[in-house]
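What follows is one structure encoded as structure tokens, with my remarks underneath.
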Amino acid sequence: MAAQSTDALIDPLPAGFRLDAYTIESKLAGGGFGLVYLAHDEQGQPVALKEYAPAGVVARQADGSVQPQSESDQGAFRYGMRCFFEEGRALANLNHPNVLRVLNFFRANNTVYLAMRHEQGDTLHRLIHAEPTALLEPFITAIFIQLLNGLREVHARKLLHLDIKPANIFIRTDGSPVLIDFGSARQGMAHGPAAIAPMYTPGFAAPELYKERDRLGPWTDIYAIGASLYVCLAKTTPPPADQRLQGDTMTPAVQGFAGLYSEGLLQLIDGCLRLSDMERPQSVFAVQKRLVELARESAETRPNLLGILRSRMGWR
């Protein structure tokens, strides 16, 4: 199943609501797995507070707590909450400049919350669509080389992201990228005793996320990296992997963008988007190494990364 509909999002907590050492200011975002709030800690520092509240499964109570809507949802809700909590524990031990920092994780309101560093900037998704022209290759390689530093650290900890896409790649105002919104807890819920169907984003989800889930590995995130690179060129997502498995009609990047980008970049994208996980690059290091080589080849024409961001996004 694709990402759950947000039509049944739980009601957000009101401004001023107190949670542990944090006070809610406003809702920042919401999705199939829960809500994200802007809050501040006891020192007045801003944080992003993520609440586990799967859409269509729980309802907000008068005291602010969340409860499953039916007895049949109890098992899946509890198992998902445990996955979410364990993911928070793992990410709290991961301190890397290209991975969103989890500052704290705690239980409250009959659910779990992650307190994360609040970053200034915007998503790669919005940046891609900020102007009618496609992104320049030196810009793309610069962003992804840095981003893959973070993903290498994630994989070194035996973790997977499982929801990489431009909307989950945040570009700070200094031009550095950050991986946000891990999807591994969502995928873990699919293995629970009363499993909620897994949530993923069509076009970015590798074939093994639809089936053969025992084959998940670094190559699963590498497929999503390839799809994200593809979007930087095309401004549209590749066809969903389940459709490609039925009959692959996707035009390879080496054909669709020939003459617009280097052959090396296009070959790398096509390699990352192979339907067979065995045919993709098997490590993030291999992908990053090739991007570094491509960046060196075009170094003499590389534009100023931060200058491009400021002009496109209106940053100061």
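The UniProt record's numbering puts the first residue of the sequence shown at 1, with every later residue one more than the last.
Backbone N, C-alpha and C fix where the C-beta goes; we use that ideal spot for every residue, glycine too.
Residue j beta carbon less than 8 Å from that of residue i
{"i": "arginine 152", "j": "valine 292", "result": "no"}
{"i": "alanine 21", "j": "glutamate 42", "result": "yes"}
{"i": "isoleucine 10", "j": "arginine 60", "result": "yes"}
{"i": "isoleucine 128", "j": "proline 177", "result": "no"}
{"i": "leucine 103", "j": "alanine 90", "result": "no"}
{"i": "serine 228", "j": "isoleucine 164", "result": "yes"}
{"i": "glycine 75", "j": "alanine 8", "result": "no"}
{"i": "isoleucine 180", "j": "leucine 100", "result": "yes"}
{"i": "glycine 121", "j": "threonine 173", "result": "yes"}
{"i": "valine 58", "j": "glutamine 45", "result": "no"}
For residue i, the nearest candidate out of the options (CA to CA)
{"i": "phenylalanine 33", "options": "Met81, Arg244 and Arg89", "result": "Met81"}
{"i": "alanine 134", "options": "Leu260, Ile164 and Cys272", "result": "Leu260"}
{"i": "asparagine 98", "options": "Ile169, Leu216 and Gln255", "result": "Ile169"}
{"i": "tyrosine 113", "options": "Phe105, Glu119 and Gln120", "result": "Phe105"}
{"i": "leucine 162", "options": "Asn149, Phe182 and Ile143", "result": "Phe182"}
{"i": "leucine 245", "options": "Asp277, Cys232, Gln255 and Ile269", "result": "Asp277"}
{"i": "leucine 19", "options": "Ile145, Leu294, Arg296 and Arg107", "result": "Arg107"}
{"i": "asparagine 109", "options": "Ala258, Gln267 and Pro12", "result": "Pro12"}
{"i": "residue 402", "options": "Leu49, Ala92 and Tyr200", "result": "Because the chain in this structure spans residues 1 to 316, residue 402 falls outside the shown range and cannot be described."}
{"i": "alanine 29", "options": "Thr237, Thr173, Thr123 and Cys272", "result": "Thr123"}
{"i": "asparagine 95", "options": "Ala206, Gly31 and Arg117", "result": "Arg117"}
{"i": "tyrosine 230", "options": "Pro132, Phe77 and Leu266", "result": "Leu266"}
Exposure of residue i, with buried meaning 16 or more beta-carbon neighbours within 10 Å
{"i": "glutamate 208", "result": "buried"}
{"i": "glutamate 263", "result": "exposed"}
{"i": "alanine 253", "result": "buried"}
{"i": "glutamine 288", "result": "buried"}
{"i": "proline 54", "result": "buried"}
{"i": "glutamate 87", "result": "buried"}
{"i": "glycine 247", "result": "exposed"}
{"i": "glutamine 146", "result": "buried"}
{"i": "alanine 241", "result": "buried"}
{"i": "threonine 111", "result": "buried"}
{"i": "alanine 62", "result": "exposed"}
{"i": "alanine 142", "result": "buried"}
6 Å Cβ shell around residue i - same chain, five flanking residues per side excluded
{"i": "arginine 274", "result": "Arg280"}
{"i": "proline 239", "result": "Met250"}
{"i": "arginine 290", "result": "Leu268"}
{"i": "asparagine 149", "result": "Asn98"}
Check: residue i C-beta below 7 Å from any heavy atom of the ligand PLP
{"i": "phenylalanine 285", "result": "Ligands in the displayed structure: none, and consequently the ligand PLP is not present."}
Contact set for residue i: own chain, Cβ-Cβ below 8 Å, skip 5 residues either direction
{"i": "alanine 15", "result": "Ile24, Glu25 and Ser26"}
{"i": "alanine 39", "result": "Leu19, Tyr22, Thr23, Ile24, Glu25, Pro46, Val47, Ala48, Leu49 and Ala115"}
{"i": "alanine 295", "result": "Pro138, Thr141, Ala142, Ile145 and Arg302"}
*asked:* Quick test of the definition: if touching needs 3 or more C-beta pairs under 8 Å, does the stretch 153-163 touch the stretch 126-145?
replied: no
_Validate contact between the stretch 207-226 and the stretch 267-285 using beta carbons, cut 8 Å, 3 pairs_ = yes
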